[in-house]
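Data block below; observations after.
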Amino acid sequence: MKYLKKLKNSTKKSTSSIPTRMNILLGVIFILFALLIIQSGHLQLNYGSRFRAEVDTSDRNLVQANVPRGIMYDSKGRVLVGNESKNAITYTRGMNLTTKGMKEISDDLSQYISLDGESATNQDLATYYLSDTRNYSDLLNKMPKDQTNSANLSSTQIYANAVKYYISQKPQVSDRQKSAAIILRKISAASMLSTVYVKNNNLTDKEVALVAEHLSELPGVNIGTDWTRVYPNGDSVQSIIGRVSSEQAGLPSDRLQYYLTQGYLRNDRVGTSYLERQYEPILRGTKALNQVNISSSDNTIEEINTVYPGAKGSSLTFTLDLQYQQMISDSLNKYYQKAQADGVTKYSAGAYAVATNPKTGAILGIAGIGRNPKTGETYSDALGTINHAFTMGSVVKGATVLGGLMNGAISPQSNTLPEEAIYLRGTPVMKSVYPLGTFSSLNAQTALEVSSNIYMMQLTLRWLKAGYVANNYITMPQDAFVQMRNIYSQFGLGVKTGIDLPSEVAGYPGRPFDSKGNLLSGSALALSFGNYDGYTVMQLAQYVSTIANGGYRMKPYLVKSIGQTTDDNKAFITQHTNSPEVLNKVDFTPEQLQVVKEGFSQVVHGHNAWGTAHTLADIEPSVAGKTGTAQTFYYDPDNPGNPNAPETTTSSFVGYAPADDPQIAISVVFPDLDVNSQGHYNLDVAHEMFTNYFKLNPQK
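Residue numbers (the working numbering): 185 to 884.
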């Protein structure tokens, strides 16, 4: 009885505790819901705009679009390189788009445009056909079982077999299907949310109208504009301007990673050579930004709107005068053709010419003809003036004389040296072109006029304090080449000029020692009259400009200013101007310089029968300069060590005018002519270069 009573009391207590626990649990739940509501309100009020922006970015994406490159002008405002705008059909790839979806777009778009001018490869046609799953399945059923056995082959291998089988059947394909296959290839190559050109050449007004009418049915397709580089005033300078890659080629493989880190897309067009490449960051402009609205249901592109129209590339103004540039090119071609007709170009590497403003370094004209001696093929090669080096001959003697004056071997008042040939054991006599005994002695000015090799060698012996006894011995300091090259480099010979073009070379120095470590003393003497080291044509122009302007080695440049072309293409707004830059000052005195200037003047206007450039004496205003003839040998890259290489002759000229106040300095080189050539092609070109310049720029 007591037990029953106790149990009853115990049950009563338990029953009364259940509602209490429930109340506690419900209270906790209520508190959690309240906290959740408070947190939601907090996020909504304080972070709602940020969340909305994040949602928007998933639905609306910004993609880039190309803008036209900057225009290039000559010094008179003539367009050297421009852009031709044209309509284009573009495609912006959506997100998670399947091959089937891209095929449907290709089929639809092929109804409105034709790509007859482009060829569909067998791979294109196979990809197009097999993108339809029904076609793929039907083809697999027709193929041999060993080519479709999934137990032994991967899906990739089976697909590759299907492509080969399809191609082997040589199916009949309509023109529209070919166009659709090409379109599929183009749009398949586009990465997600990037834009490619489907058709940007020969697009007709009818095609534009048809596509515009059906844009709502063609997700990702749009009508845009494209451009191509044009040369409205001829392509005489295209070899220095360079080229721009096509959209198909895209970024060059050798600089792919660099461009990608700079924000380029793989199919972007960039400058691939010379000025187009050198000034790529300036010419490219700022890309347009388009907002692409993506459907949240099927990830297709619903709408494309322009957010920022972009800014076209900056334009460049060159120092070149297009008319004078063309004259130089014409003269070089005319006299090179004459050399060919004369039969002296069998081993010729071409011909080159440069004209500069000696006071500023501005390039007034630059032209080159390259030639393949094996095939006889010639081509435009203005860049050969900076990336080909030749042994130039006596044109460098002005630097040798100034070197002797600067180190005290001779002086302006005392510079007469004996005209005694150099006799080294085991080598032919080293002398000048004229017969031995023609002169007993020469001063520096006359030595330049008659182009005496003997004078330069005698001067070098004194310069280097060499010991010499004819047919017995010669001793020179071990740094003989260093001493001489240090002087030449101050004028720009054997060093890069600093021109604003890529791929410039510094020339090539001959070796100073033989294989046993012995100083090549005879070669040092040959260096003194320009018959050892190799220099570029641009270096010659810088060298003679340094003499013409009084000792300032000016940095040559082609780009005069950078700016923007107005939208109507009628005005150029300058934003930056390149100023003349002095690279170094050669430390000779006015009296020392006057010795060389008098010698250069006598080269043209002197009366000695052995004078070398008297044919330029009729030019007004007067010219001063120096000719060069170097004994050279044909270099065959297929037989570089040929001990019996054919002997050739390189003819060169450097000069400036007016002689008393130079405004133009030039260099002309005809390398590797026949050794018996009697022509004066270098002087003929020089004559026209000076004459034409002063026709265009008459003196007051």
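Backbone N, C-alpha and C fix where the C-beta goes; we use that ideal spot for every residue, glycine too.
Extent of the continuous alpha helix (DSSP H) run through residue i
i, result
"W647", "637–647"
"K284", "283–293"
"G587", "581–590"
"D389", "389–397"
"G568", "568–571"
"Q748", "Where Q748 is concerned, there is no enclosing alpha helix (DSSP H), although the beta strand (DSSP E) it sits in stretches over 743–749."
"K326", "317–326"
"V405", "Not the alpha helix (DSSP H): V405 falls in the beta strand (DSSP E), residues 405–414."
"F756", "No alpha helix (DSSP H) holds F756; the beta strand (DSSP E) holding it covers 756–761."
"T340", "339–352"
"K362", "359–372"
"Y865", "865–880"
"T311", "306–314"
Contact check, residue i vs residue j, beta carbons under 7 angstroms
i, j, result
"Y350", "A310", "yes"
"M286", "I366", "no"
"S515", "E872", "yes"
"T569", "Y536", "yes"
"D684", "V766", "no"
"G812", "M668", "no"
"K858", "V528", "A quick correction: the sequence has Asp, not Lys, at residue 858. Yes."
"T816", "T796", "no"
"V679", "S673", "yes"
"L724", "T644", "no"
"V788", "L800", "yes"
"A808", "A843", "yes"
"L399", "N271", "no"
Range of the contiguous beta strand (DSSP E) that encloses residue i
i, result
"V766", "766–769"
"A495", "No beta strand (DSSP E) holds A495; DSSP gives it neither H nor E."
"F837", "831–841"
"L857", "848–858"
"T276", "263–276"
"L548", "547–555"
"F817", "808–817"
"T630", "Looking at the DSSP string, T630 is not in any beta strand (DSSP E); the run it does join, the alpha helix (DSSP H), is 628–634."
"V382", "379–383"
Contacting residues, own chain, Cβ-Cβ under 6 angstroms from residue i (five flanking each side not counted)
i, result
"I342", "T332"
"P855", "A533, F574, T834"
"V239", "Interpretation of V239 is limited by its pLDDT of 44, a score under 50 that renders its predicted location unreliable; no figure is taken from the coordinates."
"A546", "T503"
"G552", "Y536, D565, A566, G568, T569"
"G261", "none"
"Q786", "Q629, E633"
"S315", "T283, K287"
"L299", "S363, I366"
"F874", "I803, V807, A841"
"K558", "none"
Cβ shell of residue i (< 7 angstroms), same chain only, five flanking positions each side left out
i, result
"A573", "V689, G691, Y692, G718, Y719, T720"
"Q258", "Before going further, note that residue 258 is Asp rather than Gln in the sequence given. Correct list, in chain order: L264, F502, L504, D505, L506."
"G266", "I255, V414, P416"
"D771", "M590"
"Y736", "T730, V766, K769"
"D526", "G863"
"R461", "G426, G455, P686"
"E464", "V454, G455"
"T707", "Contrary to the premise, residue 707 reads as Ser rather than Thr in this sequence. Cβ within range, chain order: G694, Y716."
Within-7 angstroms CB hit, residue i to chain B
i, result
"L219", "Protein chains in the displayed structure number just one, and chain B is not present."
Contacts around residue i, its chain only, beta-carbon distance under 8 angstroms, and the 5 residues preceding and following it disregarded
i, result
"V395", "I273, L293, Y296, I297, L402, V405, I407"
"S624", "P602, E603"
"P774", "G734"
"P252", "N267, S269, W411, G469, K496, G497"
Any non-hydrogen atom of the ligand FMN within 6 angstroms of residue i CB
i, result
"G577", "Of ligands this structure carries none, so the ligand FMN is not represented either."
Original post:
How about the segment 512–523 and the segment 861–878: do they share at least three Cβ pairs that are nearer than 8 angstroms?
Top reply: Three or more Cβ pairs closer than 8 angstroms define a contact, and the segment 512–523 meets that threshold against the segment 861–878.
Original post:
In chain order, which continuous runs of the alpha helix (DSSP H) of length 4 or greater are located wholly inside the segment 689–738?
Top reply: DSSP runs (the alpha helix (DSSP H)) wholly in the segment 689–738: 705–712, 721–732.
Subject >> Three CB pairs or more closer than 8 angstroms across the segment 282–298 and the segment 537–548 >> reply: Output reads no: the segment 537–548 does not touch the segment 282–298.
Original post:
Are at least three pairs of beta-carbons, each pair with one atom in the segment 614–622 and one in the segment 655–667, less than 8 angstroms apart?
Top reply: At 8 angstroms Cβ cutoff, the stretches do not touch.
Original post:
At which residue ranges does the segment 444–478 contain complete alpha helix (DSSP H) runs of 4 or more residues, listed in the order of the chain?
Top reply: Unbroken alpha helix (DSSP H) stretches of 4 residues or longer found wholly inside the segment 444–478: 458–462, 464–467, given in chain order.
**OP:** Inspect the CB distances between the segment 581–589 and the segment 444–452 and report whether three or more fall short of 8 angstroms.
**Re:** They do not touch, by the three-pair rule.
Original post:
Which parts of the segment 492–543 are runs of the alpha helix (DSSP H), unbroken and 4 residues or longer, counting only runs that do not cross its ends?
Top reply: Fully enclosed alpha helix (DSSP H) runs of 4 or longer: 506–525.
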